[in-house]
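Colleague: Got a structure for you, questions after.
Chains as they are written, first to last, in this note's numbering: chain A, 240 to 504; chain B, 240 to 504.
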């Protein structure tokens, strides 16, 4: 168990892990530039990619956490690690490369994400936009930062005045309420990475994000978004189950109310 | 008339205009940071925005061109300048802020765009991603550059292996073939700015872009894209009319063939 009993202790863990991730982000870019990528498909799906760097990054982060807490529990994207069966106690979430398709095809808009939860509640989250070298980190108790800069408190905007980000895949197959949300917003974006979508919310470039997210896609973003005052809820208004996939809306309070109404009507 | 009779003369114009745009990009960011924006709607549409900076930038660029060629003809986004009635001779295209909605709401992903055509053919194009300080410039005769760096020649990729960018507005109202193109590509993106979408093609992060574009949205991107080997055609295979709006597909040759077939079937 890691001592998270005071703001100072939590801040120490934030600083420590932020250092790991910054180093790993630099190494990720260097490795790709020097050695290229070994890419394979997961589950025979040509859109679901994994690379040697996804796997290597996950191992680096797990080893560092285990050195800190030999009994740590994990929920990781890539195979190879036993998955936590409950949210009791402390659970670490790791997405070693979020947006692997972007990493492979676009060489931009991918992220390293980590989060630490205690008894089901987010304590700290980290999302590093690797190509842009921007690390968003912190939580409810420490405040939310972009690199060293504390972020502005959230302004509550309505849908008509907002930019929303949606999962392209769910929009294009006609899943509700993706199309209606996109149409009613001032503008919408499709970016292909949960981590990068979250960074747009933190930077104030967008006010809502709707997608179906796996635990490792959601955990860090939820910790940071809730720390800034965003609502993070399933479309039926319940809290996400952090061990399953959820259709989650991360949005200002006003947009959340509008979408819950949209879904009911 | 500007002398465009040799590669050297064209290169001189490229350098000159690149200098104007770089300066204007810095001023645009400074002005916004210092004085904020005066925003108004065009045609009573809350998504069609114009700011004081759009208007000021257009005037700066027109004045510079008129100092070079007092008889210059223009096709500009903002009101106030007589619009060229034909593509005979030399025509300058100006989009003083492309992605004004992004400029206002997101403070990222907007561009300054210019192009010079002679007798209907693109000679030079400039697209400056203002927040990222990346200027793409050049043409068929000079080569295509990102700032000082010559860009890689185009690799011909097929739809299944490609990232495509589409107009979100046209996708979400069900216009053909936006949805099918998005579904059949490896991934798709919605970015909200023609200029920024073009820069993704030039940087190799995407391989196709489909949208309905006004002349000032298309002119610079067409000059640069054709210079790199992209096909720039209407969905029926004809060449865009540079004085009207066009539903244009900018894509690798393979993707162009696939989409023309998709539209016919």
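Here a beta-carbon is modelled for each residue, glycine too, at the ideal position from N, C-alpha and C.
Taking 8 Å as the threshold (beta carbon to beta carbon), is residue 280 of chain B in contact with chain A?
Modeller: no
Colleague: Pull out every residue of the stretch 337-348 of chain A whose Cβ sits closer than 7 Å to any Cβ of chain B, in chain order.
Modeller: 340, 344, 345, 346, 347
Colleague: Among B/357, B/310, B/488, whose alpha-carbon lies nearest the alpha-carbon of residue 329 of chain B?
Modeller: B/357
Colleague: Per the contact definition of three or more C-beta pairs closer than 8 Å, is the stretch 457-473 of chain B in contact with the stretch 486-496 of chain B?
Modeller: yes
Colleague: Enumerate in chain order the residues of its own chain whose CB-to-CB distance from residue 313 of chain B is below 8 Å, with the five nearest sequence positions on each side excluded.
Modeller: Cβ within range, chain order: 301, 304, 320, 321, 322, 323, 330, 331, 332, 333.
Colleague: Could you pull the DSSP bridge partners for residue 269 of chain B from this structure?
Modeller: Answer is none; residue 269 of chain B lacks a bridge partner.
Colleague: Rounded to whole angstroms, what's the CA-CA distance from residue 379 of chain A to residue 297 of chain A? Just pull it up for me.
Modeller: 25 Å
Colleague: Check each residue of the stretch 406-428 of chain A: if its Cβ is closer than 8 Å to any Cβ of chain B, include it; give the result in chain order.
Modeller: 407, 410, 411, 412, 418, 421, 422, 425, 426, 427, 428
Colleague: Counting only runs that start and end within the stretch 362-422 of chain B, where is the alpha helix (DSSP H) found for 4 or more residues in a row?
Modeller: Runs of the alpha helix (DSSP H) lying entirely within the stretch 362-422 of chain B and spanning at least 4 residues, in chain order: 407-411.
Colleague: Applying the criterion that 16 or more other CB atoms from any shown protein chain within 10 Å of the CB defines a buried residue, is residue 422 of chain B buried or exposed?
Modeller: exposed
Colleague: Measure how close the beta-carbons of residue 339 of chain A and residue 288 of chain A come, nearest whole angstrom, since I'm counting them as under 8 Å.
Modeller: About 5 Å separates the two Cβ atoms, so the contact holds.
Colleague: Taking C-alpha atoms, which residue in A/316, A/376, A/286, A/243 lies nearest to residue 292 of chain A?
Modeller: The residue from A/316, A/376, A/286, A/243 with its alpha-carbon nearest to that of residue 292 of chain A is A/316.
Colleague: For residue 428 of chain A, write down the residues that DSSP places opposite it in a beta bridge.
Modeller: A/404
Colleague: With distances taken from CA atoms, which of B/277, B/299, B/337 is nearest residue 542 of chain B?
Modeller: Since the first residue shown for chain B is 240 and the last is 504, residue 542 of chain B is missing from the structure and cannot be characterised.
Colleague: Taking three-plus beta-carbon pairs below 8 Å as touching, is the stretch 267-276 of chain A in contact with the stretch 377-394 of chain A?
Modeller: no
Colleague: Along chain A, which residues have their Cβ under 8 Å away from the Cβ of residue 286 of chain B?
Modeller: 425, 426
Colleague: Given residue 264 of chain B, which residues of its chain have a CB within under 8 Å of its CB, disregarding the five upstream and five downstream residues?
Modeller: 351, 367, 369, 372, 374
Colleague: Does residue 275 of chain A get closer than 8 Å to chain B when you measure Cβ to Cβ?
Modeller: no
Colleague: In chain order, what residues of the same chain lie with their CB nearer than 7 Å to the CB of residue 473 of chain A, ignoring the 5 residues before and after it?
Modeller: 479, 485, 486, 487.
Colleague: Please report whether the beta-carbon of residue 305 of chain B lies at a distance below 8 Å from any beta-carbon of chain A.
Modeller: no
Colleague: Are the C-beta of residue 430 of chain B and some C-beta of chain A separated by less than 8 Å?
Modeller: yes
Colleague: Report yes if the C-beta distance between residue 255 of chain A and residue 249 of chain A is below 8 Å; otherwise report no.
Modeller: No, they are not a contact pair.
Colleague: If you draw a straight line from the alpha carbon of residue 318 of chain A to that of residue 408 of chain B, how long is it in whole angstroms?
Modeller: 39 Å
Colleague: Helix, strand or coil for residue 454 of chain A, going by three-state DSSP, please let me know.
Modeller: helix
Colleague: Does the beta-carbon of residue 401 of chain B have 16 or more other beta-carbons within 10 angstroms, so that it is buried, or is it exposed?
Modeller: Taking every protein chain shown into account, the CB of residue 401 of chain B has 16 or more other CB atoms within 10 angstroms, so this residue is buried.
Colleague: So, at 8 Å on beta carbons, what are the nonlocal neighbours of residue 348 of chain B in its own chain, with the 5 sequence-adjacent residues on each side left out?
Modeller: 338, 341, 368, 370, 430, 431, 432, 435
Colleague: Quick check: is any heavy atom of the ligand COA less than 7 Å from the C-beta of residue 329 of chain A?
Modeller: Of the ligands one can find in the structure shown there are none, so the ligand COA has no counterpart to examine.
Colleague: As an exercise, report each continuous beta strand (DSSP E) stretch of at least 3 residues that is fully enclosed by the stretch 243-316 of chain B, in chain order.
Modeller: 278-281, 284-290, 312-315
Colleague: I'd like the list of long-range same chain contacts for residue 299 of chain A, defined as Cβ closer than 7 Å, with 5 residues on each side in sequence excluded.
Modeller: 263
Colleague: Can you pull the chain A neighbours of residue 436 of chain B, defined as C-beta to C-beta under 8 Å?
Modeller: By Cβ distance, chain A contributes nothing, its closest Cβ being about 12 Å from residue 436 of chain B, past 8 Å.
Colleague: Our contact map puts residue 309 of chain A next to residue 461 of chain A with C-beta atoms below 8 Å; I'd like the distance itself, whole angstroms only.
Modeller: Not a contact, Cβ separation roughly 27 Å.
Colleague: Answer yes or no: does any C-beta atom of chain A fall closer than 8 Å to that of residue 487 of chain B?
Modeller: no
Colleague: State the Cα-Cα distance for the pair residue 326 of chain A and residue 441 of chain A, rounded to the nearest angstrom.
Modeller: 26 Å
Colleague: So, for residue 498 of chain B: in the same chain, excluding its five sequence neighbours on each side, which residues have a beta-carbon less than 8 Å away from its beta-carbon?
Modeller: 398, 416, 420, 447, 449, 474, 488, 490
Colleague: In chain order, what residues of the same chain lie with their CB nearer than 6 Å to the CB of residue 437 of chain A, ignoring the 5 residues before and after it?
Modeller: 366, 460
Colleague: Looking at the structure shown, is residue 341 of chain A part of a helix, part of a strand, or coil, going by DSSP?
Modeller: helix
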